[in-house]
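What follows is a single structure, written as structure tokens, with notes after it.
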Amino acid sequence: MPDQPAPAATAAPYPPSSPAPGTWRRVARLFRPHRAAVLLVLVLAAAFAALNGVVPLLSQVVFDRALFGPGGPDLPLLAVLAGIAAAIACAVGAVDLGQTWVSARIAQRLVRSLREEMFDRLQRMPLAFFTTTKGGEIQSRLAGDTTQVENAIKETLPEVLAGLLGLVVAAVAMVSLSPLLAGAAVVLAPAVLWVSARSGRALKSLSAVGQETRAELTSIAAERLSLGGVTLARVHGRRADEQARFAAESRRLARTQVRAAMAAQLVLSTAHVFFVVTPYLAYLAAGLADDITPGTLVAFVVLQSRLYQPLGQMLRISTDLRSVEGAFARVFTYLDLRPETDPETGSLTQPERGVGALSVREVGFGYEVPGDRDRMALRDVSLDIRAGSTALIVGPSGSGKTTLGHLLAGLRRPAEGAVLIDGTEVRGPLPGRLCIVPQEPFLFQGSVADNLRYADPDASPDDLIRVCRITRIHERIMTVPDGYDAHVGERGALFSGGERQRIALARALLADASVLVLDEATSALDPLTEAEVVQAVLAERAGRTTVMITHRFGVLDCFDTVVALDRGRVVEQGAPRDLRAEPHGLYARMVRAQTGAGAAS
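Under full-length UniProt numbering, think of the first position of the sequence shown as 1, with each following residue one higher.
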């Protein structure tokens with residue numbers, strides 16, 4: 001288990017509730033690489049709006065000339081007009097299909113790049129970020145918010161362009177037919193826009209709350225419905241409590257969704273009143289005028305419907321964009337996280353493979369308050385581990401052993417001093433040179449072979465069997481149906497804790513790193529099996545550096561050097577036999593305590 005409290009994250013685990021200023025400017029910049037495609041959508045939207053604007057004007061010709069002309073109905077002209085209307089309808093359908101295809105491609109390319117960049121950024125974040133950020137929160141941002149962004153681009157982009165152009169075309173056509181009727185048609189528009197603005201602000205706030213609640217629900221489900229979570233709840237009789245917690249968040253989300261739906265519907269209901277009343281205002285205006293022909297009035301009413309359709313779309317889109325703005329802001333929050341590979345924090349450049357000499361020079365490391373030396377996990381730690389040797393790190397709980405192991409493996413960077421391998425400062429993980437096996441190893445969903453080959457994708461079946469024999473896990477694997485092809489289950493549930501540790505050890509052996517750090521990596525094994533496994537691992541790694549962190553000393557004579565930590569400082573370092581000869585030393589006292597408890601020495 002870690003010796004110190006979890007470190008504070010370098011960024012807030014939750015994005016802000018309200019979008020940061022400039023969100024839409026950043027969104028606009030995302031489209032720069034896709035300018036040509038956006039221009040094509042604009043052209044198609046213009047064609048769509050223009051074609052839709054022609055059809056109502058045909059109605060004027062139909063009524064004033066083809067149906068009610070001086071000579072009565074003109075059937076040939078009606079046939080021609082019907083053919084033109086059919087051709088326009090086909091063209092509109094083709095243009096609409098083109099818009100959908102281009103918009104979908106833009107959405108997929110843009111969101112794919114966002115999703116991949118976010119995944120890459122998260123992979124390079126310091127471990128401190130993941131110790132304070134819920135897994136469900138990360139999944140919600142990576143999957144939920146990017147999906148919402150994708151849908152918005154795919155569906156909203158063409159609608160916005162077509163709606164704006166449709167409004168312009170319809171308005172121009174209406175004014176050209178009758179300025180009087182046009183004025184009557186828009187007299188109620190300011191009221192609709194005012195209601196839309198008020199409802200939109202409320203919807204933006206509700207959308208942020210809804211996204212946060214969804215993330216919390218995802219986190220609860222991922223954690224509480226895992227094998228470990230379900231087992232823990234059953235053991236302690238907390239199933240009802242977990243159900244109550246989930247239900248409370250679910251009710252909160254439901255209430256938020258209802259309020260958001262009401263805010264959105266208020267806009268649509270207001271628009272509906274507007275759409276119903278304004279045609280009668282136009283009729284009233286036509287009754288007051290003397291020069292409005294039936295064809296003009298029919299064409300105008302049709303144009304009104306063409307005006308109201310994009311206007312309604314724009315009102316609906318304006319409410320949707322409030323939610324989308326929050327999704328974009330949350331995506332940008334994660335894209336703005338500062339990863340370990342930033343120039344300000346150091347490079348992960350990997351030097352040439354060496355022999356594995358480790359040096360720690362006056363290292364200090366703090367979790368919560370880095371500048372407070374009295375609360376630092378490690379203080380003024382200096383030690384040398386020669387290449388090819390074996391070192392044992394011991395000490396009471398909370399002495400800083402795991403922290404030192406993480407520093408040696410490059411998983412954390414010291415606040416003071418430096419860690420060096422073969423004379424080169426360690427600024428981050430160095431695959432192939434530094435490898436660590438934690439107390440709680442991680443096995444992902446997949447087969448045993450897949451988990452082993454994570455360290456070496458080119459490992460042969462014989463290689464897998466060889467390292468598993470060394471860690472005494474081969475026989476257990478062969479008792480499982482499908483053997484090395486067996487799926488390990490959720491977090492390796494097919495195997496016990498000790499078996500998972502031995503699989504992780506085998507995986508580390510395949511990595512063949514210059515330095516291997518074992519952080520309580522055999523804690524779940526019985527002392528006899530632990531001694532056999534550790535001795536076999538050390539024999540396999542002869543000539544390479546191995547550092548073992550442990551509370552138990554059953555295999556202590558296998559190591560060249562012992563480093564004893566207490567309260568974040570190195571208090572002893574030397575050969576095991578020499579330190580055991582110091583009657584008042586920390587190491588000797590710990591050995592006597594274990595021997596007195598019956599542990600092997």
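Heads up, the beta-carbon is just placed ideally off N, CA and C, and yes, glycines get one too.
- Look at residue 433 here: in three-state DSSP terms it is coil, with no helix or strand label.
- Counting the other CB atoms within 10 Å of its CB gives residue 376 a total of 16 or more, which places it among the buried residues.
- Spanning the alpha carbons of residue 401 and residue 440 requires a straight line of approximately 15 angstroms.
- Of all alpha-carbon atoms in 458, 183, 337 and 216, the one lying nearest the alpha-carbon of residue 249 is that of 216.
- Taken through DSSP and simplified to helix, strand or coil, residue 59 comes out as helix.
- If you check the CB distance, residue 53 and residue 173 come in under 7 angstroms.
- Where residue 129 is concerned, the enclosing alpha helix (DSSP H) starts and stops at 127 to 132.
- For residue 547, there is no enclosing alpha helix (DSSP H); the enclosing beta strand (DSSP E) covers residues 545 to 549.
- The beta carbon of residue 477 is closer than 7 angstroms to those of 448, 468, 483 and 484 in its chain, skipping five residues each way along the sequence.
- When C-alpha distances from residue 524 are compared across 499, 545 and 548, the shortest belongs to 499.
- Residue state for residue 473 is assigned as coil, using DSSP reduced to three classes.
- CA-to-CA, the gap between residue 406 and residue 124 works out to about 16 angstroms.
- Boundaries of the alpha helix (DSSP H) around residue 119: 75 to 123.
- DSSP, read as helix, strand or coil, puts residue 564 in strand.
- In the structure shown, residue 181 falls within a helical segment according to DSSP collapsed to helix, strand and coil.
- Between residue 332 and residue 29, the C-beta gap is not smaller than 7 angstroms, which leaves the two residues out of contact.
- Secondary structure note for residue 421: its beta strand (DSSP E) is the uninterrupted segment 416 to 421.
- Per DSSP, the beta-bridge partners of residue 573 are 563.
- Taking a C-beta distance under 7 angstroms as the contact criterion, residue 508 and residue 516 qualify as a contact pair.
- The three-state reading of DSSP puts residue 378 in strand, counting E and B together.
- For residue 505, the enclosing alpha helix (DSSP H) starts and ends at 497 to 511.
- Spanning the alpha carbons of residue 378 and residue 152 requires a straight line of approximately 49 angstroms.
- Only residues of its own chain outside the window of five on either side were considered, and among them 41, 153, 154, 155, 157 and 158 have a CB closer than 8 angstroms to the CB of residue 103, listed in chain order.
- The count of Cβ pairs closer than 8 angstroms, one atom from the region 383 to 401 and one from the region 567 to 577, reaches three, so the stretches are in contact.
- Here the alpha carbon of residue 534 sits roughly 12 angstroms from the alpha carbon of residue 550.
- Looking from the CA of residue 558, the closest CA among 548, 564 and 256 belongs to 548.
- Per DSSP, the continuous beta strand (DSSP E) segment holding residue 519 begins and ends at 515 to 519.
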